[in-house]
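Enquirer: Quick one: structure below, then a few questions.
There are 2 protein chains.
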Amino acid sequence: MQRTRFGDMACSIARTLDVIGEPWSPLILRDVYVGISRFEQIQQDLGISRKVLAERLRWLVENGVLERREYSSRPPRHEYVLTAKGTELCDLLLVMVRWGDRFTAGEAGPPVLYRHHACGEISHVELRCSVCDKPMRATDIDILPGPGIASAGQTERAPGD
Amino acid sequence: MQRTRFGDMACSIARTLDVIGEPWSPLILRDVYVGISRFEQIQQDLGISRKVLAERLRWLVENGVLERREYSSRPPRHEYVLTAKGTELCDLLLVMVRWGDRFTAGEAGPPVLYRHHACGEISHVELRCSVCDKPMRATDIDILPGPGIASAGQTERAPGD
DNA sequence: CTAGATTCGTTCCCTGAAGGAACTGACCTT
DNA sequence: AAGGTCAGTTCCTTCAGGGAACGAATCTAG
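In structure tokens, the structure reads:
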């Protein structure tokens with residue numbers, strides 16, 4: 016975790032980073048998303064320190080991204096599953112994949128392909144405007160102050176959610 | 016920078032994180048995107064350590080996300096501007112904003128609003144399939160192995176790009 | 001011409017986060 | 001009872017981040 020807290024800034028980027036901006040967190044999210052959901056599995060898949068993995072999982076559960084679920088009580092066994100909030104966060108992973116595929120994959124090509132259920136084709140994500148459905152990229156928008164502009168430090172984080 | 020290098024993993028998420036996954040990097044990108052482009056300006060806007068800011072800027076330039084441009088030579092003054100690669104990376108910021116607005120903004124509402132040039136409306140980004148234009152979320156896809164699946168450690172990073 | 005002011009960093013020290021390995025504890029299998 | 005599996009916790013060392021001071025190059029005021 017970085018020393019400077021991002022969660023109190025009046026910026027949705029900073030507040031998102033506060034939740035999944037720490038090293039390893041997005042990769043943990045990816046693992047849970049693709050079905051690697053148990054502590055031991057994640058640790059081996061990523062090669063992450065067990066200490067850091069335990070910290071990250073606890074933080075993601077506290078922030079409502081993951082849920083710690085007991086799938087066996089007699090030998091007490093747990094798995095981590097995505098909440099609705101966490102599933103929405105996976106959108107971010109898809110956009111990371113797209114950028115990484117384009118600019119870091121090299122000649123070998125993308126390591127993973129995505130087939131869209133609706134059309135059955137191998138494809139990738141594009142950003143569209145929620146109002147007019149046309150492409151909406153960073154260069155296509157004006158930035159205006161919003162209602163929460165002055166609320167730095169006022170948004171409470173409920174540890175249970 | 017995290018100690019474990021992500022750049023050599025056969026995963027586009029990890030390789031994207033290698034470029035902008037370090038603490039502060041996405042916020043630096045945001046600042047440059049909104050026009051806060053000089054060292055001093057960024058440092059004051061974010062409250063980041065000058066040492067870390069210098070490291071991050073150097074890394075982003077090495078990786079072709081930013082360009083260090085001299086805008087005055089007599090007093091030697093520099094600014095950082097987005098490359099095409101860096102501009103595409105800003106897509107990621109828009110998706111972060113969307114998630115942060117929905118799940119961390121609270122009652123105060125989003126701190127910033129986005130007006131789409133094409134339609135003139137306040138809106139936000141949605142993820143669509145590049146083939147069929149229908150919504151494409153994390154739950155709408157199957158994951159298949161791609162050509163670069165076995166290329167861990169083989170992708171060269173050219174420091175000049 | 002010396003004294004600030006501005007911009008863009010670099011150097012220093014201190015704290016704290018990450019890596020890695022060993023350890024714990026609950027339960028199951030043989 | 002001996003060993004295996006799972007899910008962490010504890011400990012130590014190293015390295016990255018925070019913060020402040022310093023440096024260099026150039027303009028501006030007096």
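Residue numbers (this note's numbering), protein chains in the order written: chain A, 16 to 176; chain B, 16 to 176.
All C-beta atoms in this analysis are idealised placements derived from N, C-alpha and C, irrespective of residue type, glycine included.
1. Alpha carbon to alpha carbon, how far is T119/A from S27/B? Give it in angstroms, no decimals.
2. Determine the direct distance from the alpha carbon of E37/B to that of D23/B, and round the result to whole angstroms.
3. Please check if any C-beta of chain B sits within less than 7 Å of the C-beta of H93/A.
4. What is the rounded straight-line gap between the Cα of R152/A and the Cα of T98/B?
5. Which chain A residues are close to I156/B, counting only those with a beta carbon under 7 Å from its beta carbon?
6. Which of the residues in the region 103 to 118 of chain A, read from start to end, lie with their CB under 9 Å from any CB of chain B?
7. Terminal residues of the continuous beta strand (DSSP E) containing E94/B?
8. Between which two residues does the beta strand (DSSP E) harbouring I158/A extend?
9. Of all the alpha helix (DSSP H) runs that stay within the bounds of the region 60 to 110 of chain B, which reach a length of 4 or more residues?
10. Quick check on DSSP: helix, strand or coil for R130/A?
11. Please classify I137/A: does DSSP put it in a helix, a strand, or coil?
12. Which value, in whole angstroms, describes the spacing of the CA atoms of S64/A and Q58/A?
13. Return the residue from the list L75/B, V110/B, C144/B, R89/B that minimises the CA-CA distance to T31/A.
14. Residues in the region 26 to 56 of chain A with C-beta within 8 Å of chain B's C-beta atoms, listed in sequence order?
15. Measuring only between beta-carbons, confirm whether L142/A sits less than 7 Å from chain B.
16. By the 10 Å Cβ neighbour count, where 16 or more other Cβ atoms means buried, how is I156/B classified, buried or exposed?
17. Quick one: does G101/B have its CB under 7 Å from some CB of chain A?
18. Using 8 Å as the cut-off, can you tell me whether the region 76 to 93 of chain A makes contact with the region 126 to 137 of chain B, which would need three or more C-beta pairs spanning the two stretches below that distance?
19. Output the boundary residues of the alpha helix (DSSP H) element that contains V34/B.
20. For L81/A, go through chain B and note every residue whose CB falls closer than 7 Å to its CB, in chain order.
Expert: This is what the structure gives:
1. Counting from 1 along the second sequence, the entry for residue 27/B is found at position 12. Counting from 1 along the first sequence, the entry for residue 119/A is found at position 104. If you take the alpha carbons of S27/B and T119/A, they lie about 7 Å apart.
2. Mapped onto the second sequence, residue 23/B falls at position 8. Mapped onto the second sequence, residue 37/B falls at position 22. Cα to Cα, D23/B sits roughly 16 Å from E37/B.
3. The residue labelled residue 93/A in the question sits at position 78 within the first sequence. Cβ-Cβ to chain B under 7 Å: no for H93/A.
4. Mapped onto the first sequence, residue 152/A falls at position 137. Mapped onto the second sequence, residue 98/B falls at position 83. In this structure, the CA atom of R152/A is about 15 Å from the CA atom of T98/B.
5. As a working note, residue 156/B is residue 141 in the second sequence. Correct list: Y129, R130, H131, H132.
6. Of all residues in the region 103 to 118 of chain A, the ones placed with a Cβ closer than 9 Å to any Cβ belonging to chain B are E103, L104, C105, D106, L107, L108, L109, V110, M111, V112, R113, W114, G115, D116, R117, F118, in chain order.
7. For the purposes of this step, residue 94/B is taken as residue 79 along the second sequence, with counting starting at 1. For E94/B, the enclosing beta strand (DSSP E) begins and ends at 92 to 97.
8. As a first step, residue 158/A must be located in the first sequence, where it is residue number 143. Taken as a continuous stretch (DSSP letters only), the beta strand (DSSP E) holding I158/A covers 156 to 160.
9. 65 to 77
10. Reading the first sequence from its first residue, position 115 is the one you call residue 130/A. Reduced to three states, the DSSP call for R130/A is strand.
11. Here the question's residue 137/A lines up with position 122 in the first sequence. Strand.
12. The residue given as residue 64/A occupies position 49 in the first sequence. The residue given as residue 58/A occupies position 43 in the first sequence. One C-alpha to the other measures close to 7 Å.
13. The count along the first sequence starts at 1 and reaches residue 31/A at position 16. The shortest Cα separation from T31/A among L75/B, V110/B, C144/B, R89/B belongs to V110/B.
14. C26, S27, I28, A29, R30, T31, L32, D33, V34, G36, E37, P38, W39, P41, L42, R45, Y48, V49
15. The residue given as residue 142/A occupies position 127 in the first sequence. Yes, its Cβ sits closer than 7 Å to a Cβ of chain B.
16. Here residue 156/B refers to the residue found at position 141 when the second sequence is read from its first residue. Flag for I156/B reads buried.
17. Against the second sequence, residue 101/B aligns to sequence position 86. With 7 Å as the cut-off, G101/B does not count as an interface residue toward chain A.
18. No: the two stretches stay apart, fewer than three of their Cβ pairs being nearer than 8 Å.
19. For the purposes of this step, residue 34/B is identified with residue 19 of the second sequence, where counting begins at 1. Note, V34/B: alpha helix (DSSP H), 27 to 35.
20. Here residue 81/A refers to the residue found at position 66 when the first sequence is read from its first residue. Within 7 Å Cβ-Cβ: nothing; L81/A doesn't reach chain B, min ~14 Å.
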